[in-house]
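Protein chains: 2
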Amino acid sequence: MARIYSKRQAPHLAPPLVLILIYAGLIVLGCAALKLPFATTTPITWSDAAFTATSAVTVTGLAVVDTGSAFTLFGQAVVMLLIQLGGLGLMTFAVLILSMFGLPVGFTHRLYLREDLNQTSATDLLALTRMILKVVFICEFVGAALLASVFVPEAGWGEGLWQALFHSVSAFNNAGFALFPDSLSKWVGNPIINLTIPALYILGGLGFTVASDIWRVRRWHRFSLHTKLMLVGTIALLIWSALAFGIMEWTNPGTLGSLSWSDRLWASWFQGATTRTAGFNTVEIGNLTDGTSLMFMTLMVIGAGSTSTGGGIKVTTFIVLLLATVAFFRQRSSIQVFGRELGLDQVMKVLALSIISVLLILCALFALLLCHEGDFLDLAFETTSAFGTVGLSRGITGDFDGAGRAIIMAVMFVGRVGPLTLGFLLATRRPRRIGYPAGTVYLG
Amino acid sequence: MARIYSKRQAPHLAPPLVLILIYAGLIVLGCAALKLPFATTTPITWSDAAFTATSAVTVTGLAVVDTGSAFTLFGQAVVMLLIQLGGLGLMTFAVLILSMFGLPVGFTHRLYLREDLNQTSATDLLALTRMILKVVFICEFVGAALLASVFVPEAGWGEGLWQALFHSVSAFNNAGFALFPDSLSKWVGNPIINLTIPALYILGGLGFTVASDIWRVRRWHRFSLHTKLMLVGTIALLIWSALAFGIMEWTNPGTLGSLSWSDRLWASWFQGATTRTAGFNTVEIGNLTDGTSLMFMTLMVIGAGSTSTGGGIKVTTFIVLLLATVAFFRQRSSIQVFGRELGLDQVMKVLALSIISVLLILCALFALLLCHEGDFLDLAFETTSAFGTVGLSRGITGDFDGAGRAIIMAVMFVGRVGPLTLGFLLATRRPRRIGYPAGTVYLG
Ligand SMILES: [K+]
Ligand SMILES: [K+]
């Protein structure tokens, strides 16, 4: 009975399936568009086109061809469009799903809707979508204007404006695609690049719920718990990653060692900020020490925020993991933070999401190791980068053959649509129906 | 008030502190004994002695000197004694703590004691301890007798009996110390070695609660939930690891490739079984493919059973992690298994234990990478091996300098006493006193 009833309530395709179909469809279309003769300067293979389309739609940024030289203006525009649709699409989808299920999205009180999908009026959703689009386009326009002040003097009006627009869209959507073979290394010490690009990807990575909460409320003590956790977590992670990167790479001749003092500081900030999901770089990632690479892998798994353009298990998930551990040591059976309490059901969600993520990364790495010769650390780094839709690489993306590419493409896809699909499952959890006697197992 | 009351109830040193002090004391004594002039054939450094003592007391088996040739009979006897005390001590301690806190240890109904420490009579605990000792010594004696049938014909009565006793004790306690530089590779195809040694370490690794439950109850449907999970989990992991090892290494000339068909099967069984915590090997671990090495690392983290001589996060913890994930996908908010229900509090314990373990491994590996040059995979493998008190190595244990050794020693120590200390914290969890309003964070 219960099943029939819930079926009647939602007779449409399940939203996660819609999401997966949309993303798969975008990739197919993007692949076809990139394979058009006038999209590339020299012909690329279907495999190249499929990989680039997947990387763009999942806003990852791993590349098997050089975006700036292999694609014509049309090809680059296709990549930019795929990035915009892939990044914006997921953000919008996430916000719409949250609002459908009555979770506060922080935009307007009208959108605190109940669980029944039918109560969400199309007008409300349309208004919300329009709001998201407006915010995104304003951010990208301002970003492009600022970037143009660097690119236009160097490349002229036409080329410079295009570069500014492309990198602004790529940055806000945390895509990490750049038009230069060494990403943004040329501007390692340029203040405008070092402030504008990170501002765009950090903003995009905070997520729409946080951005709108900040915009609407503007006072710390009235922020939602989610916003507070995201802000504290993001700032802490930025400080930690920039500091650790700077200290560990300071004298490494392959990265910071060859730069001036001020460039080293800029590069530490940029690399520290880019790692969780943005994927741009201003130093050569393949030259990182093994210790920094390990730290980067942990940051790539953590990722950015919910309802954002970023990937990973999400900052809030990471914080709840830490809080649960602290609560455990303080011998509490619940998590208290900022005067709110997180129930055990949230812990269970976090646990499931983390386990699935770890299993996914391990299985993918295992498969890669079986079918591809290569350094263990390089492959582990690449897999983690694909999972977190980060796009940083130690330089082996081009080496993959068919099977290796297929694995990385699958990880990028699951890394992008997986967490939201799980998030949907969380929101539709059924209450248990049968109780069993409690059991105990010894775990220590 | 509540704190004063609980202090009155338990005026002794906290059991975890006792455990830590005992283990630290054993290591110091062992180090001093191994440094005695007549303990070694050629003088060893204090660092060598400390590392060996730590490895023996924590039943890990990582070695910086060759146990068989560097130590005299006295020195080897010290190592064996440290193994016995380290393995047996923790098992006994764990069982005693469980029984003190009224958790069923499956041995006798008299021992279902309440939470108050004072209600546990010394007689009960003594009887339990005597029972444990009896079981352990019978197992080790039978094991030694079987092993003697191999070693005595090869090495004569004196040497052969000693080797049989040493390896029986080392195997039952999951220590992995062998008297031969290539562990047990010489007997890669010997059925007695391939059955006796694994039988000892699997039995030791199941844990006392499981062994006594099997001994006492003898019927599947009356086994405790813990016993059922341990048996199913252990068998599944044995099958998986032996199969995967065999398939992946079958044609690797450095491991199985150079062996006969029957030896390959024996070696697959032995390596599959040894990896979770025992630490013996019959093929060269340094020659494993990267894929197998990754699989081995996951097995080393999983480890053996609670109240056992083995390490790791424990098989039951791993199973609860998987069950929580499955429950999540089935949209249940509790875990049902074998007609019992595991509450969310158990999930929280599992989460805390897993997070702490992962953080420990990552921090140790990070520290190792900073202070020691070496291959990333080798160092990751070594760290995981130390955490799981496994003792398998890709051959770099001897390369570590002071800092590297100190890190590995610390990881072995925490890997051994950490989980039980946490287990104690689990058992003494306080109920929360203040409720906060519920908060929500978005995790997907
Ligand atoms: K990216
Ligand atoms: K061991």
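Heads up: the sequence lines are chains A and B, in that order. Under the UniProt record's numbering, the first residue of the first sequence is numbered 1, with each subsequent residue one higher. Under the UniProt record's numbering, the first residue of the second sequence is numbered 1, with each subsequent residue one higher. C-beta atoms are modelled at their ideal positions from N, C-alpha and C, and glycine is treated no differently.
MET91 (chain A) does not reach chain B, its nearest Cβ partner there being about 12 Å away, counting only Cβ pairs nearer than 8 Å.
Residues of the stretch 342-367 of chain A whose Cβ lies closer than 9 Å to any Cβ of chain B, in chain order: LEU342, GLY343, LEU344, ASP345, GLN346, VAL347, MET348, LYS349, VAL350, LEU351, ALA352, LEU353, SER354, ILE355, ILE356, VAL358, LEU359, LEU362, LEU365, PHE366 and ALA367. Not flagged as an interface residue toward chain B: PHE387 (chain A), since no C-beta distance is shorter than 8 Å.
Rounded to whole angstroms, GLY156 (chain A) and LEU200 (chain A) show a C-alpha spacing of 23 Å. Judged by their CB atoms, THR41 (chain A) and SER69 (chain A) are nearer to each other than the 8 Å cut-off. Annotation: Cβ neighbours of ALA324 (chain A) in chain B (cutoff 8 Å, chain order): MET348, LEU351, ALA352 and ILE355.
For LEU259 (chain B), there is no enclosing beta strand (DSSP E), as DSSP marks it with neither H nor E. With fewer than 16 other beta carbons inside 10 angstroms of its own, TRP220 (chain B) counts as exposed. Taking the Cβ of VAL411 (chain B) as the reference point, every heavy atom of ligand 2 lies at 7 Å or farther away.
Of the candidates B:ALA242, B:ILE214 and B:ARG264, the residue whose Cα lies closest to the Cα of THR274 (chain B) is B:ALA242.
Taking a C-beta distance under 8 Å as the contact criterion, ASN281 (chain B) and GLY254 (chain B) do not qualify as a contact pair. Closest by C-alpha distance to ILE138 (chain B), out of B:LEU184, B:ASP375 and B:LEU203, is B:LEU203. Here VAL337 (chain A) is bridged, per DSSP, to A:ARG340. Considering only B:LEU237, B:THR289, B:ILE235 and B:GLY233, the residue with the shortest C-alpha distance to LEU256 (chain B) is B:THR289. The stretch 395-414 of chain A and the stretch 59-69 of chain A touch, with three or more beta-carbon pairs separated by less than 8 Å. Counting C-beta atoms within 10 angstroms of its own C-beta, GLU140 (chain B) has 16 or more neighbours from the protein chains shown and is therefore classed as buried.
For PHE245 (chain A), the enclosing alpha helix (DSSP H) covers residues 225-249. Within 7 Å of the C-beta of VAL417 (chain A) there is not a single heavy atom belonging to ligand 1. By the neighbour-count criterion, in which a residue is buried when 16 or more other Cβ atoms sit within 10 angstroms of its Cβ, GLN271 (chain A) is buried. At a cut-off of 8 Å between C-beta atoms, THR298 (chain B) counts as an interface residue with respect to chain A. Per the coordinates, the alpha-carbon of SER47 (chain B) lies some 8 Å from the alpha-carbon of GLY402 (chain B). DSSP lists A:PHE71 as the beta-bridge partner residues of THR40 (chain A). Residue-level contact by beta carbon fails for LEU392 (chain A) and chain B, as no gap is shorter than 8 Å.
In this model, VAL232 (chain A) and SER185 (chain B) are separated by some 54 Å (Cα to Cα).
Relative to ligand 2, the beta carbon of VAL414 (chain B) is positioned no closer than 7 Å to any heavy atom.
If you draw a straight line from the Cα of ARG216 (chain B) to the Cα of PHE329 (chain B), it is about 37 Å long. For THR384 (chain A), the secondary structure class from DSSP, reduced to helix, strand or coil, is helix. Between GLN346 (chain A) and VAL320 (chain A), the C-beta gap is smaller than 8 Å, which places the two residues in contact. At a cut-off of 4 residues, the continuous stretches assigned as alpha helix (DSSP H) that sit fully inside the stretch 285-335 of chain A are 290-302 and 315-329. By the rule that beta-carbons nearer than 8 Å mark a contact, LEU294 (chain B) touches chain A. Residue-level contact by beta carbon holds for PHE376 (chain A) and chain B, with a gap shorter than 8 Å.
Boundaries of the alpha helix (DSSP H) harbouring LYS35 (chain B): 15-35, taken from the DSSP string.
Contacts with chain A (Cβ-Cβ distance below 8 Å) from the stretch 266-291 of chain B involve THR289, ASP290 and GLY291, listed in chain order.
The alpha-carbon separation between LEU377 (chain B) and ILE407 (chain B) amounts to approximately 17 Å. With contacts defined by Cβ atoms closer than 8 Å, ALA56 (chain A) and ALA175 (chain A) form a contacting pair. PRO153 (chain B) sits in a helix when the DSSP states are folded into three classes.
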